[in-house]
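Participant: The listed protein sequences derive, respectively, from chains B and V.
Using the numbering used here, the first residue of the first sequence is number 3, and each one after it goes up by one.
Using the numbering used here, the first residue of the second sequence is number 3, and each one after it goes up by one.
In this text, a Cβ means the ideal position worked out from N, Cα and C, and glycines have one as well.
On a predicted model such as this, the values are computed, not experimentally measured, just so you know.
I'd like to ask some things about the structure below.
Protein chains: 2
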Amino acid sequence: MGNPPLGGDLSRLRQLNALSTIRALRGSAPATLSALSARTGLSRPSLKEVVGELTSLGWVEEVPPTSGGMGRPARRYRFRADRGHLVGIDIGAHNVRAALSNLDGTVLAETRQAVVPETPVRERMEAIGRAVGGCLALTGLTMADVWTVAVGTTGIVTPEGVVTYSAGIPAWTGLDLAGLLGAMFPCEVLIENDSRLAALAEARRGVARGARDVVFLHVGRRMGTGLIIDGKLHRGFGAAAGEIVMLPQARWFDAPDHLNNCPVVPEGTPVEDAASHTLAAARDGDPAALAAVERYVDDLAVGVAAIVLVLDPEIAVLGGGFSRSADVLLPPLRRRLEAVCLRMPELRASTLGDECVVFGAIDHAVDHLDRQLFTADSGTSLPVPLTRDAVSRS
Amino acid sequence: MGNPPLGGDLSRLRQLNALSTIRALRGSAPATLSALSARTGLSRPSLKEVVGELTSLGWVEEVPPTSGGMGRPARRYRFRADRGHLVGIDIGAHNVRAALSNLDGTVLAETRQAVVPETPVRERMEAIGRAVGGCLALTGLTMADVWTVAVGTTGIVTPEGVVTYSAGIPAWTGLDLAGLLGAMFPCEVLIENDSRLAALAEARRGVARGARDVVFLHVGRRMGTGLIIDGKLHRGFGAAAGEIVMLPQARWFDAPDHLNNCPVVPEGTPVEDAASHTLAAARDGDPAALAAVERYVDDLAVGVAAIVLVLDPEIAVLGGGFSRSADVLLPPLRRRLEAVCLRMPELRASTLGDECVVFGAIDHAVDHLDRQLFTADSGTSLPVPLTRDAVSRS
DNA sequence: GTTACTAATGAAGGACTCCATCACAAGTGA
DNA sequence: TCACTTGTGATGGAGTCCTTCATTAGTAAC
Numbered sequence: 003m004g005n006p007p008l009g010g011d012l013s014r015l016r017q018l019n020a021l022s023t024i025r026a027l028r029g030s031a032p033a034t035l036s037a038l039s040a041r042t043g044l045s046r047p048s049l050k051e052v053v054g055e056l057t058s059l060g061w062v063e064e065v066p067p068t069s070g071g072m073g074r075p076a077r078r079y080r081f082r083a084d085r086g087h088l089v090g091i092d093i094g095a096h097n098v099r100a101a102l103s104n105l106d107g108t109v110l111a112e113t114r115q116a117v118v119p120e121t122p123v124r125e126r127m128e129a130i131g132r133a134v135g136g137c138l139a140l141t142g143l144t145m146a147d148v149w150t151v152a153v154g155t156t157g158i159v160t161p162e163g164v165v166t167y168s169a170g171i172p173a174w175t176g177l178d179l180a181g182l183l184g185a186m187f188p189c190e191v192l193i194e195n196d197s198r199l200a201a202l203a204e205a206r207r208g209v210a211r212g213a214r215d216v217v218f219l220h221v222g223r224r225m226g227t228g229l230i231i232d233g234k235l236h237r238g239f240g241a242a243a244g245e246i247v248m249l250p251q252a253r254w255f256d257a258p259d260h261l262n263n264c265p266v267v268p269e270g271t272p273v274e275d276a277a278s279h280t281l282a283a284a285r286d287g288d289p290a291a292l293a294a295v296e297r298y299v300d301d302l303a304v305g306v307a308a309i310v311l312v313l314d315p316e317i318a319v320l321g322g323g324f325s326r327s328a329d330v331l332l333p334p335l336r337r338r339l340e341a342v343c344l345r346m347p348e349l350r351a352s353t354l355g356d357e358c359v360v361f362g363a364i365d366h367a368v369d370h371l372d373r374q375l376f377t378a379d380s381g382t383s384l385p386v387p388l389t390r391d392a393v394s395r396s
Numbered sequence: 003m004g005n006p007p008l009g010g011d012l013s014r015l016r017q018l019n020a021l022s023t024i025r026a027l028r029g030s031a032p033a034t035l036s037a038l039s040a041r042t043g044l045s046r047p048s049l050k051e052v053v054g055e056l057t058s059l060g061w062v063e064e065v066p067p068t069s070g071g072m073g074r075p076a077r078r079y080r081f082r083a084d085r086g087h088l089v090g091i092d093i094g095a096h097n098v099r100a101a102l103s104n105l106d107g108t109v110l111a112e113t114r115q116a117v118v119p120e121t122p123v124r125e126r127m128e129a130i131g132r133a134v135g136g137c138l139a140l141t142g143l144t145m146a147d148v149w150t151v152a153v154g155t156t157g158i159v160t161p162e163g164v165v166t167y168s169a170g171i172p173a174w175t176g177l178d179l180a181g182l183l184g185a186m187f188p189c190e191v192l193i194e195n196d197s198r199l200a201a202l203a204e205a206r207r208g209v210a211r212g213a214r215d216v217v218f219l220h221v222g223r224r225m226g227t228g229l230i231i232d233g234k235l236h237r238g239f240g241a242a243a244g245e246i247v248m249l250p251q252a253r254w255f256d257a258p259d260h261l262n263n264c265p266v267v268p269e270g271t272p273v274e275d276a277a278s279h280t281l282a283a284a285r286d287g288d289p290a291a292l293a294a295v296e297r298y299v300d301d302l303a304v305g306v307a308a309i310v311l312v313l314d315p316e317i318a319v320l321g322g323g324f325s326r327s328a329d330v331l332l333p334p335l336r337r338r339l340e341a342v343c344l345r346m347p348e349l350r351a352s353t354l355g356d357e358c359v360v361f362g363a364i365d366h367a368v369d370h371l372d373r374q375l376f377t378a379d380s381g382t383s384l385p386v387p388l389t390r391d392a393v394s395r396s
């Protein structure tokens, strides 16, 4: 019943071994044939042929040997991560961030464009264009060098890339983002919810690196979650997973008000800065602020407990704007969870900060590339990027 | 970083193709070489060799050809599902059920032993032995024919097979079930929570067949859940996934009381039969019973909504004792969920009934066999069951 | 009964991929 | 200069898969 091909041809075996070699090579220092042989389990002669093929295809290149060791210096090879590039975009209410990376996921350039929640669609799209253009300018590249654009945005995104609802960017609701961005970039475009990408970033390069089951909690003016299950981003059947915000008993929608409406917030403070006053005062031991934090965490903990009880993750990561005050938030949150949870997950604060979502977008694009490589069925050769011709009808 | 071997040897390719052939053959009618060739993508000559090897290893056998078609009758082959057997056990508070199946998961015999929640450990173990012995007697087999025993039990089970807590079977708490059953059966023993196995059964052979993300809700005197995520049983990092019962806001612990303490329940009814009176009365339109059902579903819906919002499953299955009254429970539950859920999953009632858990145990054992087959690294030959010598020290 | 057609069988030859092995090469250190 | 270490390159062999084609065993029509 719908099982993947699994085995197959001789050429399939070669392909699998080539991919295995790429995996062994990617994300690590240049390696010798012997080292690769040990890592992949292939014999030296076979590996040599595989590496030769990968070199001629442009995936691998030789680097000068090191000197100073015993014996004959070995030839060293490295993955040509600069062969293609990936772009990650974070479309937020107040900022549009872009990052450009190589195929490894190593970020080469980052830019930011300030916007406001009310920025109309056209202007926001232009900001996106400027953010990406800035990354290209910084690196001297063009869009032709970009294989994939991955986008994270606030709001609920369908599997087809349509934003069904966005509280943070009102004009976004109902927008066919995949369509607009697809017309804008002559390559593949992936759209995903921003908290999910943040979760991915934490699981790949953040404080949850290596964990298979991770819950990411975006705490800030808006609440959001992202789930990594069995090492993979979990979207759910209708791409609506993690939307515990909707649960009335969790009271997540109004939870930030506890921090905003605290007496310690100076008169006339804009609402977006209010919470940080409260959190800072709580750190200094102000009783009113501490009480507000307790009420906030009271509400927060219900939803977190629900997620943790359902999934039993290894690690829960606190991210988003308020996570800068994780030292204030984590102890009371931990206390409440310990009272309820059957098994307490590790609680950690994000260290990736504001770049969390762009990094996650990059990682999402890397994953996508991986999937493309591994489901490659196009004959014997490895896949090359789909360079979709932009807007050419005659 | 810890990636599986992936490619490998020539023999690995043959192994993959052999497994692919087994998959194509298993669970379907006897097939001809041409049909298998189409299904696996292998050429006829290769397939012939693979089938020959599998035949000599005892995994496949030839069956008489059919007559009546055009052309030369093709030789037909079938998977020898009777080559080994699997046992599934459901250890409940009031019943111990056992089932015996072939490697296909086709159930050949079932038995049941009545117990009570207070039955001491030794007697319960004896009941387990009798239940399994009954299955063997019904089929004329011995334990030597059984490759794997999979067990589902009420309570929280660690990955090592120790029951840390069981409300349904008090004596079970703290028990090293894997140790006891491992000494009892001379083969591999898998221990799992019963609701999880029920979820698996529904996803494999029940009303959720084919769905990748499934939530199983056991509603009865005790509440429990099982999650299928991406087609696999989800345990969580500490095997504590799905324990939303613990969430105070969900009020699942006391929810059944609404049904038990309804005025329509006749005086002196034992507590285990009370709810069915209420549910039956509700079906007949009794106002007090209907109100009780509404209160019950009120509580139920909070936890269900939490699970659904977190995971966004394709299907939610209602099972357990009360699911016989799914016609009464589902409409109000659906109403409440629709008010909260971002995307409404399909709600269905289990049709597997009391055998749900044993079936799930069988399916769990089949999955385990599959994993063994696919991670087989023992040279070129396919794995054979581990016939652990029972208690032989000299 | 004979002939045409269909579908599967079995065997031969060729191509590809992997492995083990061995002589040789290019360094270091005494 | 010599021993030692480590990597390179080439050869031969084994295993697996594919394509192709003559052959076989049935059915259907005449």
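1) Inspect the CB distances between the segment 182-196 of chain B and the segment 209-218 of chain B and report whether three or more fall short of 8 Å.
2) Strictly below 9 Å CB to CB, what residues from chain B border valine 342/V?
3) Considering only residues of the segment 109-153 of chain V, which uninterrupted alpha helix (DSSP H) runs meet the minimum length of 4 residues and lie entirely inside it, listed in chain order?
4) State the Cα-Cα distance for the pair leucine 331/V and arginine 297/V, rounded to the nearest angstrom.
5) Using 9 Å as the threshold, is the C-beta distance between glycine 154/V and valine 165/V below it?
6) Write down the C-beta distance between alanine 283/B and valine 266/B rounded to the nearest angstrom, noting that I regard them as a contact closer than 8 Å.
7) How far does the beta strand (DSSP E) with phenylalanine 361/B in it reach, from first residue to last?
8) When you compare only the Cα positions, how much space is there between alanine 335/B and isoleucine 309/V?
9) Could you give the residue range of the beta strand (DSSP E) that holds phenylalanine 55/B?
10) Does the segment 50-60 of chain V come within contact of the segment 50-67 of chain B, defined as at least 3 CB pairs closer than 8 Å?
11) I'd like to confirm the pairing. Which residues does DSSP put opposite serine 13/V in its beta bridges?
12) In terms of alpha-carbon separation, which member of Asp106/V, His96/V, Val109/V lies closest to proline 122/V?
13) Is there a C-beta anywhere in chain B that falls below 9 Å from the one on lysine 50/V?
14) For leucine 21/B and cysteine 343/V, what's the separation of their Cα atoms in angstroms?
15) Nearest to glycine 29/V by alpha carbon, out of Val368/V, Arg373/V, Leu375/V, Gln374/V?
16) Can you tell me which of the three DSSP states isoleucine 158/B falls into?
17) Count the other CB atoms within 10 Å of the CB of aspartate 92/B; is the residue buried (16 or more) or exposed (fewer)?
18) Drop a sphere of 10 angstroms on the beta-carbon of glycine 90/V, count the other beta-carbons inside from all chains shown, and report buried for 16 or more, exposed for fewer.
19) Could you check if tyrosine 79/B is buried or exposed, using at least 16 other CB atoms within 10 Å of its CB as the buried criterion?
20) Please report whether the beta-carbon of isoleucine 193/B lies at a distance below 9 Å from any beta-carbon of chain V.
21) Name, please, each residue of chain V whose Cβ falls closer than 8 Å to the Cβ of proline 315/B.
22) Of all the CB atoms in chain V, is at least one closer than 9 Å to the CB of isoleucine 231/B?
23) For arginine 41/B versus alanine 31/B, is the C-beta spacing smaller than 9 Å?
24) Mark methionine 127/B as exposed unless 16 or more other C-beta atoms lie within 10 angstroms of its C-beta, in which case mark it buried.
25) Can you find a CB in chain B that lies within less than 9 Å of the CB of alanine 242/V?
26) Please report how far the alpha carbon of glycine 228/B lies from the alpha carbon of glutamate 112/B, in whole angstroms.
27) Got a sec? Which residues, its chain only, sit under 6 Å from serine 197/V by beta carbon, not counting five neighbours each side?
28) Starting from alanine 294/V, follow the alpha helix (DSSP H) in both directions and report where the run begins and ends.
29) The segment 140-167 of chain B: which residues have C-beta closer than 8 Å to a C-beta of chain V, in chain order?
30) Using only CA atoms, which one of His87/V, Ser168/V, Gly163/V, Ile24/V lies nearest to valine 134/V?
31) Tell me, please, whether the CB atom of aspartate 300/B is closer than 9 Å to any CB atom in chain V?
32) Could you give the distance in angstroms between the alpha-carbon of threonine 108/V and the alpha-carbon of alanine 242/V?
33) So, does the CB of leucine 349/V fall closer than 9 Å to a CB anywhere in chain B?
34) By the DSSP assignment, the alpha helix (DSSP H) with aspartate 196/B in it spans what residues?
35) Tell me the residue span of the alpha helix (DSSP H) that contains arginine 285/V.
36) Using beta carbons (cut-off 9 Å, strictly below), is aspartate 215/B in contact with chain V?
Facilitator: Result, derived from the coordinates:
1) The segment 182-196 of chain B, when compared against the segment 209-218 of chain B, does not touch it at the 8 Å Cβ threshold.
2) What valine 342/V touches in chain B: Met248, Leu249, Pro250.
3) Residue ranges of uninterrupted alpha helix (DSSP H) with 4 or more members, entirely inside the segment 109-153 of chain V and ordered along the chain, are 123-141.
4) About 11 Å.
5) In this structure, the beta-carbon distance from glycine 154/V to valine 165/V does not fall below 9 Å.
6) Confirmed, about 4 Å.
7) In the DSSP assignment, phenylalanine 361/B falls outside any beta strand (DSSP E) and lies within the alpha helix (DSSP H) extending over 358-376.
8) Here residue 335/B is leucine; the residue named in the question, alanine, does not match the sequence. Approximately 21 Å between the Cα atoms of the pair.
9) It is glutamate, not phenylalanine, that sits at residue 55/B in the sequence shown. Not the beta strand (DSSP E): glutamate 55/B falls in the alpha helix (DSSP H), residues 46-59.
10) Flag = no, the segment 50-60 of chain V and the segment 50-67 of chain B do not touch.
11) Its beta-bridge partners do not exist; DSSP assigns none.
12) Residue nearest to proline 122/V within the set Asp106/V, His96/V, Val109/V is His96/V (criterion: CA-CA distance).
13) It does not: the Cβ of lysine 50/V has no partner Cβ on chain B nearer than 9 Å.
14) Straight through space, the alpha carbons of cysteine 343/V and leucine 21/B are spaced by roughly 41 Å.
15) The shortest C-alpha to C-alpha distance from glycine 29/V to any of Val368/V, Arg373/V, Leu375/V, Gln374/V is the one to Val368/V.
16) For isoleucine 158/B, the three-state secondary structure derived from DSSP is strand.
17) A residue is called buried when at least 16 other Cβ atoms come within 10 angstroms of its Cβ; aspartate 92/B meets this threshold and is buried.
18) Residue burial annotation: glycine 90/V is buried, with at least 16 other C-beta atoms found within 10 angstroms of its C-beta.
19) So tyrosine 79/B counts as buried.
20) Cβ-Cβ to chain V under 9 Å: no for isoleucine 193/B.
21) At a C-beta separation below 8 Å, proline 315/B has these neighbours in chain V: Gly238, Phe239.
22) Yes, isoleucine 231/B counts as interfacial toward chain V.
23) At least 9 Å separates the beta-carbon of arginine 41/B from that of alanine 31/B.
24) It is buried - the Cβ of methionine 127/B has at least 16 other Cβ atoms within 10 Å.
25) Alanine 242/V belongs to the set of residues whose beta carbon lies under 9 Å from a beta carbon in chain B.
26) C-alpha separation (whole angstroms): 23 Å.
27) Excluding its 5 nearest sequence neighbours in each direction, serine 197/V has C-beta neighbours in its own chain below 6 Å: His220, Gly226, Thr227, Gly228, listed in chain order.
28) For alanine 294/V, the enclosing alpha helix (DSSP H) starts and ends at 289-313.
29) Cβ contacts with chain V: Ile158.
30) For valine 134/V, the closest of His87/V, Ser168/V, Gly163/V, Ile24/V by C-alpha to C-alpha distance is His87/V.
31) Nearest CB-CB separation between aspartate 300/B and chain V: not below the 9 Å threshold.
32) A straight line joining the alpha-carbon of threonine 108/V with that of alanine 242/V spans about 30 Å.
33) At a cut-off of 9 Å between C-beta atoms, leucine 349/V does not count as an interface residue with respect to chain B.
34) Note, aspartate 196/B: alpha helix (DSSP H), 196-207.
35) Unbroken alpha helix (DSSP H) run through arginine 285/V: 273-285.
36) Chain V contact via Cβ: present.
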